[in-house]
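Heads up: take any position in the sequence shown, counting from 1, add 383, and you land on the working numbering.
Built from N, CA and C at the ideal position, the CB exists for glycine as well.
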Amino acid sequence: MFGIFILALNSCKDDTPTSLPYTPPDNSNQNLQIGAMKFDDQTSNKIVSTTSSSVSFSSSVPVTSGTVIIANPNSKIPKGMLRKVLSVSSDGKNISTRMASLDEAFKKGEVKFSILPSQLKKVVQEGVFEKTNSPNSKTYNLNYTIYDVDGNSATSDDQLKLTGQFKLDGSISGEVSFPPFKIISNFSFSNELDLNLVATGTLRYSTEKTLFIAGGTPVVVGGIILTPEVSFKFKPEVEIYGEAETGINDKITLNSSIIYYSGWNKNVELKNVFLAKPVEVSLNGKIKGTLIVELALYFYESIGPGVTLSPYLEMEADVHKSPWWSLYAGAEGNFVVNTRGIASVLSDYSTSLLDTKKLIAQADSAPVNKAPYGMIVVTPAVGITTETNVQFSNLSSVDDITPQSKLVGRWDFESDGLWDIDYSPLGLFSHKYSSLGTYTVKMEVKDEGGLTNVFTKTVNVSQASQNHNPVFDYSKFVPLNFSKDFDKVNQTVSWFASDPDGDPLTYDLSIGENISSPEIFSNLINPYFNFVSHFYPGKKIYWRVKAKDNKGGSMESSLYNFTVKSDGTDKMLILQPDSTEGEDAEVKYFRYDSGFESFQGVPDGDSIRIVCDIYNFGQSITKREALLKFNISQISQNSNIKSAKLNLWGFGVINYSSLIPKISLVKLTGSWNENTVTWTNKPSYVQLLEKELVYEGEPSWYEFDVTSTIQNWVNGETNYGFGLRTEENTVSAWIYSSDYPESSKRPILKIIYQ
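Here it is as structure tokens:
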């Protein structure tokens, strides 16, 4: 539960320093190891962007492989920088790196620190109000809508809300000195939590949401840059039908010390007191909310000592059990010393501080039958005319005792006081309006006990009008049809379309080297497309555009083509290995309701899947990850990689969480064999990027920009391949592997280099 946060930063591509809201600490007088280099401000301000494994500069910098870089904080590197250079590009503007430790940069050091909550920067963010009570104390008041089914804050019958406050009172202090290594970390905190969780409607939702991160101002201690940071996350696990409001008061007092001197020792004093708050519940299901508070001290960009406290509340309700609801409170706590940024010779240390769960309240009587809960869903929600066949649903209606299958409902669509459809089982109902106007649709739902409840929804019916299709002006297409040597400096293809009715337009672009199977880029907002990174010198490219208005009208352009100009120096490599040469596999983890676990690997499937399905909140879990690797050895070392794109066909997405699913592309950092890899021996990884996936009914191409990763591999970093994974619950996606029978759908890596 305790994570490392590395900031990815971008800035303007000039060398002009950017003003800071504080004065950067000065660590110029330091006893550096041989091979260590301290950047001056001019060099630091050349930084264009950073990741956890690379740094890019606006112009060449005088470093070589093995150099340890030390840099003070500025607007581009807020925590400063302590990195070891692994390789340098031929132009000296891009370097691959790893995080360095203090003993790699300095011959000796002594850091004594004491960090108070008042040193954290003020959080300015919607949903949180911060108050500094004293140097030792801060209070964070929370008011968040964690989840909203329809995205409309005005409709509160489909939301999950978190309110309350967290009081942080205490300090982090300690000492790091070397040689020899001595590490002392003291955490002294008294944390008070007042948490309320409100859920309404039919919700099935599980995620981990970062509420906010409060970073501190960097300070220099003994010539070392230290930065405190606290992050607040919230992890809801909800599956309810009805309404629930519950909460807890919790006070956690922690006094702990972790000491390293020829070995690790700990001393922990911890007290925890739970108090229940009144419970209002009319539901079946389960609701759990965990507030994750992570306090850490960074040595440059690497976390040193840190502690995580995770108080939570959990309520289970089932009207057929006795007691029919129970409320639990719990707390987990972990202490971690990440030694990566401190000492190259020490191993990380972690220990559990707290893991407790307590029943604090439960129902003392049988549930009383209440009127059923209902919701009206109208499709379409807007743009209804006298020609629209409107669909109404009451399938989200629930009752605390009567099963949903036994509920009945009736409808008044015309706002005339007459029931257009009498009591019938819940379902989908259609209605077409004959007159313009505003209607208040009424739906009454009834349970087996005879209790009823009425719900309404406003429907606006407007005049249907004739829609005209968009039109193209081919004189404004760039490049013109049959253009030769289209220079990549122009960067884009563009077109011009207008709508006779003045409706806004979006575009579907089909473009590629093959007329019959082009790449398709859907719902483009702007009438142009950057093609430089997709197509290669000397190739003929075919393209056409489909313009669409927001009323269903569309027009497809003629098929155009152009030839990309070659500058004579670019080389192109397209890798699409088959089952003989391809290296890809799927690793799987299953945990069944019985507790039985299974760890597997699948080397030769036609597809490889990416899954994270967690049911019953921990009882049944399925996880799958994909691994794949390309052989790029034919590219000479230190070649300049101008573009590298990984294209994968597939990603039919099953997603039950109502979120846009995200798939993470990672860089693997250890060896593996497709015939022997399983969940238990899969390699570790470094996160590269995330991509949102939209289920369109059929698979399609998805593209990942891996230029910097391929550049690092060509510069000498070991190529262990890529991985695909997800942390989001109830996401199921797949890609076609190198074993897929249709060769055109296998994974492709396209590289342009010099």
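Residue i and residue j closer than 7 Å at C-beta
i, j, result
"Pro456", "Pro601", "yes"
"Gly1104", "Leu1051", "yes"
"Gly599", "Gln508", "no"
"Gly687", "Gly646", "no"
"Thr528", "Gln542", "yes"
"Ser893", "Ile903", "yes"
"Pro750", "Asp783", "yes"
"Trp1084", "Trp1032", "yes"
"Ile608", "Gly463", "yes"
"Gly792", "Leu811", "no"
"Thr823", "Ser798", "yes"
"Leu525", "Val511", "yes"
"Lys825", "Asp795", "yes"
"Asn579", "Gly547", "yes"
"Ala744", "Trp707", "no"
Beta-carbon proximity list for residue i, same chain, < 8 Å, skipping 5 on both sides
i, result
"Arg481", "Ser436, Arg466, Lys467 and Leu469"
"Asp856", "Phe879, Ala880 and Ser881"
"Asn412", "For Asn412, the pLDDT reaches just 46, beneath the cut-off of 50, and the residue's location in the model is therefore unreliable, although a value from the coordinates is still provided. These residues qualify, in order along the chain: Gly606."
"Gln1137", "Thr952, Asp953, Lys954, Ser1022, Asn1023 and Lys1025"
"Leu653", "Ile635, Thr636, Leu637, Asn638, Ser639, Gly716, Leu736 and Leu737"
"Thr769", "Lys815, Tyr816, Ser817, Ser818, Leu819, Val844, Gln846 and Ala847"
"Asn393", "Reliability fails at Asn393, whose pLDDT of 26 lies under 50, so the model's placement of it is uncertain and the value that follows must be treated cautiously. Answer for Asn393: Val431 and Ser432, listed in chain order."
"Ile1015", "Leu956, Leu958, Ile1093, Trp1096, Val1097, Asn1102, Leu1132 and Ile1134"
"Ser733", "Phe385, Asn717, Phe718, Val719 and Val720"
Proximal residues to residue i (C-beta, below 6 Å), its chain only, five neighbours per side dropped
i, result
"Glu966", "Lys1012 and Glu1057"
"Phe564", "Ala726"
"Asp409", "Any reading at Asp409 is ruled out, since the residue's pLDDT is 41, under 50, leaving its predicted position unreliable."
"Asn648", "Ile642"
"Ser916", "With a pLDDT of 48 at Ser916, under the threshold of 50, the predicted position of this residue should be treated as unreliable, though the coordinate-derived value follows. Hits under 6 Å: Ser1026."
"Pro883", "His851"
"Lys1145", "Given that the chain is displayed from residue 384 to residue 1137, the structure contains no residue 1145 and the question cannot be resolved."
"Gly766", "none"
"Asn632", "Asp577 and Leu658"
"Ser813", "Asn772 and Gln774"
"Phe549", "Tyr523 and Leu576"
"Gln827", "The amino acid at residue 827 is misidentified as Gln; the sequence shows Glu. So the list reads Arg793, Thr835 and Val837, once near-sequence residues are dropped."
Rounded Cβ spacing between residue i and residue j (contact assumed at less than 8 Å)
i, j, result
"Val621", "Ala582", "6 Å"
"Gly984", "Val876", "Not quite, the Cβ-Cβ distance comes to about 43 Å (not below 8 Å), so this is no contact."
"Leu742", "Tyr711", "6 Å"
"Leu801", "Pro755", "Not really, about 22 Å apart at Cβ, beyond 8 Å."
"Val446", "Lys429", "So it is not a contact: roughly 11 Å between Cβ atoms."
"Thr673", "Lys618", "4 Å"
"Leu1132", "Leu1029", "6 Å"
"Val761", "Val842", "6 Å"
"Ile566", "Lys616", "Actually they do not touch by this definition, with Cβ atoms about 27 Å apart."
"Ser1205", "Glu677", "Nothing about residue 1205 can be reported from this structure: the residues present for the chain run from 384 to 1137 only."
"Pro945", "Ser866", "Contrary to the premise, residue 945 reads as Phe rather than Pro in this sequence. About 4 Å; that satisfies the 8 Å criterion."
"Asp886", "Lys934", "6 Å"
"Ser962", "Ser1121", "6 Å"
"Pro853", "Ser937", "7 Å"
"Lys1065", "Glu1008", "7 Å"
Neighbourhood of residue i by C-beta distance below 7 Å, restricted to the same chain and skipping five residues each side
i, result
"Glu487", "Gln416, Val451, Lys467 and Ser727"
"Ser497", "Ser554 and Ser556"
"Asn414", "Phe489, Lys490 and Lys491"
"Pro562", "Lys491"
"Ile804", "Arg793, Trp794 and Phe812"
Residue i at chain B interface by Cβ criterion, 7 Å
i, result
"Ile991", "Looking for chain B here will not work: only one protein chain is present."
- Task: Please confirm if the region 715 to 732 is in contact with the region 687 to 703, defined as three or more CB-CB distances below 8 Å between the two stretches.
- Result: yes
- Query: Can you give, in chain order, each stretch of the beta strand (DSSP E) that sits fully within the region 721 to 776 and has at least 3 residues?
  - Reply: 732 to 745, 760 to 762 and 773 to 776
- Validate contact between the region 775 to 792 and the region 731 to 738 using beta carbons, cut 8 Å, 3 pairs: no
- Query: Within the chosen definition, does the region 1021 to 1032 reach the region 1093 to 1104 through at least 3 CB pairs nearer than 8 Å?
  - Reply: yes
- Evaluate contact between the region 565 to 578 and the region 700 to 710, counting only Cβ atoms and requiring at least three cross-stretch pairs below 8 Å. no
- Counting only runs that start and end within the region 848 to 914, where is the beta strand (DSSP E) found for 3 or more residues in a row? 866 to 869, 875 to 877, 888 to 895, 902 to 907 and 911 to 913
- Uninterrupted beta strand (DSSP E) stretches inside the region 621 to 709 (no shorter than 3 residues): 647 to 659, 663 to 682 and 685 to 700
- Task: Just list the beta strand (DSSP E) runs in the region 815 to 848, keeping only unbroken ones of 3 residues or longer that don't cross its boundaries, in chain order.
- Result: 820 to 829 and 835 to 844
- Message: Quick check on the DSSP output: what are the complete beta strand (DSSP E) runs of length 3 or more inside the region 1049 to 1122, in order along the chain?
- Response: 1068 to 1075, 1083 to 1088, 1105 to 1108 and 1114 to 1119
- Message: Runs of 3 residues minimum, wholly inside the region 928 to 984: which ones carry the beta strand (DSSP E) assignment?
- Response: 937 to 939, 943 to 947, 954 to 958 and 966 to 974
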